[in-house]
Amino acid sequence: MTGWEVRRAEIPGISRRGFVSPAGMPPETMRAKVCLVGEPEVGKSSLVRRFVYDQFDSRYQPTLGAKVSKKEIDLRVGDQPIHAILTIWDIMGEPSFRELLREAYFSNLQGILAVGDLTRSATIRATADWIDAACRVSGSVPIVVLGAKADLTAEPDASGLILEIAERFGAPSWSTSARTGENVELAFFAVADRIARNGLLERAAASDQKRESPERTP
Ligand SMILES: Nc1nc2c(ncn2[C@@H]2O[C@H](COP(=O)(O)OP(=O)(O)OP(=O)(O)O)[C@@H](O)[C@H]2O)c(=O)[nH]1
Ligand SMILES: [Mg+2]
């Protein structure tokens, strides 16, 4: 399994909470690094601020380098409850730094939130380059494509472009607003859900393989 970590719930916080599904399945713990990518001022930091702190600030403060936040969420994949510990990397949108720092930003990455600004179509087209740059380091990982600032008037071709990019990368897409909160949780949960599903599938495939070819004992 590459990078993705899923373990029986051995961390004390979970057993104390006694979080058990109706089917009685114990929760699994998943740790995942996800990164928001996209051009300057598209609203990456605002999405993180809304998701992690439920706040919005209309002042623009460009991110310098990267800011890392943590958020724990509970999901369910089928009957399996998952306690996901997300490490969220919010990086600066300056493309000239992208090539320089991509190893640092994108190594061990398990999920990408690609963000374009619905009021500036060029920033939506540019998400493709950001996704390419990230995937060159991370390999194929779950992606969601987001059209940010849905509370403002979008450019006429914006939603079509979002769909085009999403289709190109086989990713789901949503319009979001950090100001109103529209679809913000959904976007982060969607990427975590896809990481969890892939991890469980990979683990099931690995255990099938082990069953089919058990190690021989002399
Ligand atoms: N109306 C509205 N404004 C938003 C929304 N999201 C972000 N903004 C504003 O857009 C500006 C840029 O937002 P940031 O979140 O800092 O953008 P960023 O992509 O992190 O920018 P960099 O760090 O420079 O890459 C700020 O003034 C935000 O308040 C939104 O959903 N609605
Ligand atoms: Mg920022």
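Count along the sequence shown from 1, add 31, and you get the number used in the working numbering. The beta carbon of each residue, even a glycine, is placed where N, CA and C say it ideally should be. Bear in mind that the values here come from a model prediction, so they are computed numbers and not experimental data.
Distance, Cα to Cα, residue i vs residue j?
i, j, result
"A159", "I196", "7 angstroms"
"R234", "A115", "16 angstroms"
"A227", "D182", "31 angstroms"
"A185", "L132", "31 angstroms"
"I113", "L232", "14 angstroms"
"R238", "S152", "A small correction: the amino acid at residue 238 is Ser; Arg does not occupy that position in the sequence shown. Roughly 45 angstroms between the two C-alpha positions."
"E216", "L117", "13 angstroms"
"R129", "M56", "42 angstroms"
"F50", "G109", "Confidence is the limiting factor: at F50 the pLDDT is only 48, short of 50, which leaves the residue's position unreliable, though a coordinate-based value still follows. Answer to the nearest angstrom: the Cα atoms are 16 angstroms apart."
"D188", "K98", "31 angstroms"
"S208", "V172", "24 angstroms"
"D224", "S127", "32 angstroms"
"S206", "G178", "4 angstroms"
"T154", "G147", "5 angstroms"
"V73", "G230", "30 angstroms"
How would you label residue i, buried or exposed, when you count the other beta carbons within 10 angstroms and need 16 or more for buried?
i, result
"D96", "Reading off the sequence, residue 96 comes out as Gly, not Asp. So G96 ends up on the exposed side."
"K75", "buried"
"E134", "exposed"
"E70", "buried"
"L194", "exposed"
"Y91", "exposed"
"P93", "exposed"
"K241", "exposed"
"S204", "buried"
"A236", "exposed"
"S16", "What the structure shows of the chain is the stretch from 32 to 249, and residue 16 is not part of that stretch, so it cannot be assessed."
"G191", "exposed"
"S244", "exposed"
"G170", "exposed"
"S77", "buried"
Compare the C-alpha of residue i against each of the options and name the closest.
i, options, result
"L106", "T60, V176, E186", "T60"
"R1", "S208, I162, F220, W205", "Lying outside 32 to 249, the shown extent of the chain, residue 1 is not represented and no answer is given."
"Q111", "S244, G230, P58", "P58"
"I136", "T150, D121, S77", "Reading off the sequence, residue 136 comes out as Tyr, not Ile. When only C-alpha atoms are compared, the closest one is D121."
"V176", "R62, R156, G170", "R156"
"A202", "A189, N214, A218", "A218"
"I104", "V68, V73, S77, A63", "A63"
"K180", "L149, G170, K101", "L149"
"F220", "V73, V68, V79, E72", "V79"
Check your understanding: Can we say the segment 133 to 150 touches the segment 158 to 176, given the rule of at least three CB pairs closer than 8 angstroms?
Key -> yes
**Study point:** Any beta strand (DSSP E) of 3 or more consecutive residues that is wholly inside the segment 151 to 199
**Key:** 174 to 179
**Study point:** beta strand (DSSP E) runs contained entirely in the segment 198 to 223, provided each spans 3 or more residues
**Key:** 204 to 206
Exercise for review: Any chance you could list the alpha helix (DSSP H) runs of at least 4 consecutive residues sitting entirely within the segment 69 to 127, in chain order?
Suggested key: 75 to 84
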